[in-house]
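Participant:
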Ligand SMILES: NC(=O)c1ccc[n+]([C@@H]2O[C@H](COP(=O)([O-])OP(=O)(O)OC[C@H]3O[C@@H](n4cnc5c(N)ncnc54)[C@H](OP(=O)(O)O)[C@@H]3O)[C@@H](O)[C@H]2O)c1
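In the working numbering, the protein residues as written are 114 to 419.
1) Using 10 angstroms around the beta-carbon of residue 387, count the other beta-carbons present and answer buried if the total reaches 16, otherwise exposed.
2) Pull up the DSSP beta-bridge partners for residue 386, would you.
3) By a C-beta neighbour count over all protein chains shown, 10 Å radius and 16 as the cutoff for buried, is residue 237 buried or exposed?
4) Tell me the DSSP secondary structure of residue 243 in three-state form.
5) The alpha helix (DSSP H) with residue 334 in it runs from where to where?
6) Check each candidate in 373, 371, 351 and name the one with the smallest Cα separation from residue 365.
7) In chain order, what are the residue ranges of uninterrupted beta strand (DSSP E) at least 3 long that sit wholly in the region 175 to 221?
8) Count the other C-beta atoms from every protein chain shown that fall within 10 angstroms of the C-beta of residue 179, then say buried if there are 16 or more, exposed otherwise.
9) Could you name the residues that DSSP lists as bridge partners for residue 283?
10) Enumerate in chain order the residues of its own chain whose CB-to-CB distance from residue 261 is below 8 Å, with the five nearest sequence positions on each side excluded.
11) Assuming residue 284 contacts residue 379 (C-beta within less than 8 Å), just tell me the rounded distance between them.
12) May I ask you to report which of helix, strand or coil DSSP gives residue 370?
13) Which value, in whole angstroms, describes the spacing of the CA atoms of residue 324 and residue 316?
14) Under 8 Å between the Cβ atoms of residue 204 and residue 242?
15) With distances taken between CB atoms, is the gap from residue 296 to residue 273 smaller than 8 Å?
16) Can you tell me which of the three DSSP states residue 401 falls into?
17) Any heavy atom of ligand 1 closer than 7 Å to the CB of residue 187?
18) Under 8 Å, do residue 230 and residue 265 count as touching if we go by C-beta distance?
19) Can you give the beta carbon distance from residue 322 to residue 392, rounded, assuming they're within the 8 Å contact cut?
20) Does the region 368 to 378 come into contact with the region 392 to 402, if we say contact requires no fewer than three beta-carbon pairs (one atom in each stretch) closer than 8 Å?
21) Where residue 182 and residue 190 are concerned, what is the direct C-alpha to C-alpha distance, given to the nearest angstrom?
22) So, with DSSP's three-state summary, where would you put residue 224?
23) Please tell me whether, using a cut-off of 7 Å, the distance from the CB of residue 265 to the nearest non-hydrogen atom of ligand 1 is below it.
24) Could you check whether the Cβ of residue 248 sits closer than 7 Å to any heavy atom belonging to ligand 1?
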């Protein structure tokens, strides 16, 4: 049963003060008393002084979980798994809910079905979460890409800000220097969501901008080992940072990053108040992930953000 708080905490103090004044003026009170019975007697025998009925309010829910939006996708499943390994309870929201994976950790996530555009389906969850990690994004026509990468995430960012969520992490994407007409809607959507995050979470919004993400991607009943290509490229290209400054071809040299590194960085950015707000490029993601040791993490904001 939810504990209840007495609202209007100032009332007893005011009554006490009034009781003292009345007593000192000898206006019908027997003695100065702190006992509630005597206080009530004073109140009831004094004209114009009425005890207001105390209103009860729900105790705020304790914020102990993290919410992964798009938790059943390629990046999302790794974020869920990483958070569980840190001892953090996880809830996921996506249109299709629970993924078809058979791994045991899947049973430890609370899987909810819902679209980010219909926040009334999942908004209540926000009262119990300390942080949100959004892995929602996708491809299609320019309009679809703006909608899913931009509008859907903006709706989630607004809902989270409204419900007082402490931190918000958004998986954006590195600008790969593609010609303006290629994936225009994708990058416009990412940009719009980033702007919304900076505006609504100026002190605790973290934007991850990976390039190509590799790892084991499950599509239906098939697992595609993207790391077969991604790992060697990452090994070579992670040392080419200065070359990414080159005009025209520079952005093509942004190294791929392992999905587990993205997941580690995302979870750390979600729960560690020491991670500053703003953007993390692929090297920042690698550094943050690498430094996140394998010990379980305590929700540091547990006592401050509820
Ligand atoms: N993979 C990469 O190489 C790469 C590189 C750079 C950046 N990124 C970014 O990283 C993020 C995750 O990528 P990913 O590869 O993991 O994508 P993904 O596997 O396609 O996952 C996308 C997730 O979004 C959910 N989703 C889509 N529309 C939704 C809606 N309206 N409401 C709720 N959930 C919705 C999907 O679940 P349902 O279909 O069940 O709704 C799915 O869980 C994306 O923002 C992507 O742009 C990816």
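Virtual Cβ for every residue (Gly too), placed ideally from N, Cα, C.
Facilitator: According to the structure shown:
1) Numbered from 1 along the chain shown, position 274 holds the residue referred to as residue 387. Its Cβ having fewer than 16 others within 10 Å, residue 387 is exposed.
2) Within the chain shown, residue 386 is the residue found at index 273, counting from 1. The partner list for residue 386 (beta bridge, DSSP) is empty, contrary to what the question assumes.
3) Along the chain shown, one-based indexing puts residue 237 at 124. Exposed, by the Cβ-count rule.
4) Mapped onto the chain shown, residue 243 falls at position 130. Residue state, collapsed to three classes: strand.
5) Indexing the chain shown from 1 puts residue 334 at position 221. It is not in any alpha helix (DSSP H) - residue 334 carries neither H nor E in the DSSP assignment.
6) Walking along the chain shown from the start, residue 365 turns up at place 252. With distances taken between Cα atoms, residue 365 lies closest to 351.
7) 178 to 182, 203 to 207
8) Along the chain shown, read from residue 1 onward, the residue named residue 179 stands at position 66. When all chains shown are included, residue 179 counts as buried.
9) The residue you call residue 283 lines up with position 170 of the chain shown. For residue 283, which the question treats as bridged, DSSP gives the partners 247, 320.
10) Indexing the chain shown from 1 puts residue 261 at position 148. Around residue 261: 249, 250, 251, 253, 302.
11) Taking the first residue of the chain shown as 1, we reach residue 284 at position 171. Taking the first residue of the chain shown as 1, we reach residue 379 at position 266. That pair is a contact at about 7 Å.
12) The residue given as residue 370 occupies position 257 in the chain shown. If DSSP states are grouped into helix, strand and coil, residue 370 belongs with the strands.
13) Your numbering for residue 324 matches position 211 in the chain shown. Your numbering for residue 316 matches position 203 in the chain shown. Distance between the alpha carbons of residue 324 and residue 316: 25 Å.
14) The residue labelled residue 204 in the question sits at position 91 within the chain shown. The residue labelled residue 242 in the question sits at position 129 within the chain shown. Yes.
15) Locating residue 296 in the chain shown gives position 183, where the first residue counts as 1. Locating residue 273 in the chain shown gives position 160, where the first residue counts as 1. The answer is no: Cβ separation not under 8 Å.
16) Taking the chain shown and counting its residues from 1, one reaches residue 401 at position 288. Three-state result, residue 401: helix.
17) Along the chain shown, one-based indexing puts residue 187 at 74. Yes; taking the cut-off as 7 Å, the Cβ of residue 187 has a heavy atom of ligand 1 nearer than that.
18) As a first step, residue 230 is located in the chain shown; it is residue number 117 there, counting from the start. As a first step, residue 265 is located in the chain shown; it is residue number 152 there, counting from the start. Cβ atoms of residue 230 and residue 265: closer than 8 Å.
19) By 1-based counting over the chain shown, the position of residue 322 is 209. By 1-based counting over the chain shown, the position of residue 392 is 279. About 6 Å separates the two Cβ atoms, so the contact holds.
20) yes
21) Translated into the one-based positions of the chain shown, residue 182 becomes position 69. Translated into the one-based positions of the chain shown, residue 190 becomes position 77. For residue 182 and residue 190, the distance between alpha carbons rounds to 10 Å.
22) As a first step, residue 224 must be located in the chain shown, where it is residue number 111. In the structure shown, residue 224 sits in a strand (DSSP, three-state: E or B).
23) Within the chain shown, numbered from 1, the residue matching residue 265 stands at position 152. Yes, Cβ of residue 265 sits closer than 7 Å to a heavy atom of ligand 1.
24) Indexing the chain shown from 1 puts residue 248 at position 135. Because some heavy atom of ligand 1 lies under 7 Å away, the Cβ of residue 248 counts as near it: yes.
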